[in-house]
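A short write-up of the structure that comes next.
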Amino acid sequence: MEIIVSCKNDKEKNGRLTLLKKISYYNELYDWKALLQFYAAWIRRVESGQNKWSDDTADIETPLLASAVRSRQNRVSNKSASIVKAPSVWFCSDFQKKEMFFSGAHDKVIKGSLDVVNCLEYGFPLSCEGSCSGLSVEKNHAGARSHPDDMRKYLKKECTYGSIIGPFFSNPFETDMVISPLNSVPKKDTLDRRVILDLSFGVDGEDSVNSHICKDLYLGNPIKVFYPSVDSLVELIRRKGSGSLCFKRDLKRSYRQIPICPGDYFGWIFMGKSYLF
């Protein structure tokens, strides 16, 4: 606290608070030794002028923390017996506020309401029901295998954005991982191809990651997702009145811009060039 109070300016103060907040959250996900190395490395980079307090720490998080993910068993091993037997609850914002214990199990009792801001910062849980272990499909679809140049371009681009990490020669986690196949389809009016991680393709054509995700519930809360209809657009124009302007925005990289909860990285694995990503 003395360091926070003695900060030279608000940027440094906010930067240190954000870093400590992240360390507190990551404490349940990664080994403490690796977290200390990550903390020290970032402080050195800022103090040496390589980075600013406002910069994103993602470029050193991946190499320092990717191989230090704690197993789900170890995440609760240090808790007292009373805590372990407590209802299993998992939700990023409430955990961050110290309002619930970490369990690592998304398929038991979920409490709290969806906080988009916290999930955008710390990652969205998959909200899987039951175990997905043993669902790995290492062979990619024909649309990926028959276009190796496009796949290499995709991997390079997404690694540059920090959306994927790798390549890994073996499982970087201490937990079982789920490998889903890649596919690609042609994009309209361009030579580029759209790359898809097929989370609906599973073992024996049935069991998959998506088959463990309820379409009507997310983190225990009812949810209904649908595209706006013409009627809803008409109602919007009617409410806003004459002279209103309307625009549509297309997110080119779509869901790849949405962060995933680090505790669920194991469920988003795919193969590329015989390596794991």
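Here the sequence shown is numbered in our numbering, starting from 7 and rising by one per residue. Yeah, the Cβ is synthetic: ideal placement off N, Cα and C, and Gly gets one too.
By the C-beta density criterion, V231 is exposed, having fewer than 16 other C-beta atoms within 10 angstroms. Under the three-state reduction of DSSP output, S190 falls in the strand class.
The Cβ-Cβ distance between P187 and Y281 does not fall below 8 Å. Annotation for V201: the continuous beta strand (DSSP E) segment containing it runs 199-203.
In the three-state reduction of the DSSP assignment, F276 falls in the coil class.
Under the three-state reduction of DSSP, I171 is assigned to coil, being neither helix nor strand. Checking the DSSP bridge columns, you'll see Y281 partnered with G278.
Ranked by Cα distance from G149, the options A46, F44, L251, K193 are led by K193. Secondary structure of P228 (DSSP, three-state): strand. Between Y271 and Q43, the alpha-carbon positions lie close to 21 Å from each other. Ranked by Cα distance from W274, the options I170, Y31, E18 are led by I170.
Shown here, I185 sits in a strand according to DSSP, grouped into three states. Within a 10 Å sphere around the beta-carbon of R158 sit fewer than 16 other beta-carbons, which makes this residue exposed. Spanning the alpha carbons of N57 and R51 requires a straight line of approximately 6 Å. In terms of Cβ geometry, P268 and L35 form a close pair [threshold 8 Å]. For the 8 Å CB-CB criterion, Y45 and I66 do not form a contact.
Going by beta carbons, N189 and D204 fall inside the 8 Å limit. When secondary structure is reduced to three states using DSSP, Y36 falls in the strand class. Per DSSP, the unbroken alpha helix (DSSP H) holding A148 starts and ends at 148-151.
DSSP places K246 inside the alpha helix (DSSP H), whose first and last residues are 236-246. Per the coordinates, the alpha-carbon of C165 lies some 13 Å from the alpha-carbon of R259. Setting aside the 5 residues that flank it on each side, I264 is surrounded in the same chain by L126, F130, each with a C-beta closer than 8 Å to its C-beta; the list follows chain order. Comparing alpha carbon positions, the residue from K39, E135, K246 closest to H218 is E135.
Rounded to the nearest whole angstrom, the CA to CA distance from E180 to A74 is 8 Å. Secondary structure of F44 (DSSP, three-state): helix.
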